[in-house]
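In this note's numbering, the protein residues as written are 48 to 293. Yeah, the Cβ is synthetic: ideal placement off N, Cα and C, and Gly gets one too. These notes are about the structure you will find just below.
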Amino acid sequence: MKASRIAAAGAVAGTAVLVLSSPAFAHVTVQPEGEAAQGGYAVVDFKVPNERDNASTTKLEVTMPTDHPLASVMPQPVEGWDIKTTKSKLDEPVESHGEKLTEAVTKVTWTATGEGIEPGYFQKFPVSLGALPEDSDELVFKAIQTYSNKEVVRWIEVQQEGQEEPDTPAPVLELTAAEDDSADAHGSSAAAADDTEAAAETTEAASDDSGSTDTTARVLGVVGIVVGAAGVAYGVLAGRRRSTTA
């Protein structure tokens, strides 16, 4: 009897843990397709799960980071969704490809043209971003999720160091360190130098072999001439001796 009560209590506790922890797996998040390196460009996916059982997600608004404005924001078309980009003037100009931009895309809005994200499903919204900042290891995006029943969930809370995760955290994109091209260039130069040196040695060896072959051929030619002349002389002398004897 006691064992049964303990098992029941454990089951209830386990259920409570699942109920309490399940929202942690249902956040709006952002992940790169591949890598998101500092100073480069990347395609990222905003993943939006439906947290409700009786409503569909019909709208998503993502605000671009204002502390690190992005010169290029290009959303990919998503079937069943209208996409709108909003541009705003920047507090400070952003340099891109040698040009200074005074405005940039600050918000992207997806609005469902049909059922949207139904209960039990999620949707990815791809966006090309760049150039990513070189002086930060993350970008924070604030997102607003709207349901068909008019409920609005604001994923805008920023995680504070040393504190527990907020209830509605903002999506965070982790940036990787920029690749060091100098090491690759040095390696390539060294390899090219080695290849050049090897090619020179091969050419020199071929030249030496060619010179040795020519010398051998010449020696053999001279020996042949000498042997031929000796044969002729021997024939002449032999003929004279026969004539004298006769």
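Burial state of N196, where buried means 16 or more other Cβ atoms lie within 10 Å: exposed
Whole beta strand (DSSP E) elements within the stretch 98-140, 3-residue minimum: 104-110, 119-122
Own chain, CB closer than 6 angstroms to D184, minus 5 neighbours either side, in chain order: L222
Residues near D100 in its chain [Cβ-Cβ closer than 7 angstroms; skip 5 each side]: P166
Local conformation of I295 per DSSP, three classes: In the structure as shown, the chain begins at 48 and stops at 293. Residue 295 is therefore absent and cannot be evaluated.
Of the listed residues Q123, A102, V77, V75, nearest to S175 (C-alpha basis): Q123
L176: first and last residue of the uninterrupted beta strand (DSSP E) it sits in: 169-177
A285 (DSSP reduced to helix, strand or coil): Note on A285: pLDDT 44, under 50, position unreliable in the model; the coordinate value appears next. Helix, per DSSP.
DSSP three-state assignment for V152, whether helix, strand or coil: strand
Rounded distance between the beta-carbons of T105 and A23, thought under 8 angstroms: Since the displayed the chain opens at 48 and closes at 293, residue 23 lies outside it and no answer follows.
Euclidean distance between Cα positions of T76 and I203: 11 angstroms
Cβ shell of D182 (< 6 angstroms), same chain only, five flanking positions each side left out: none
Nearest-angstrom Cα separation, counted from L179 out to G87: 5 angstroms
Buried or exposed (CB count within 10 angstroms, at least 16 for buried), T193: buried
6 angstroms Cβ shell around V219 - same chain, five flanking residues per side excluded: E185, V187
Same chain, Cβ closer than 7 angstroms to W128, neighbours up to 5 away in sequence not counted: W157, T158, A159, T160
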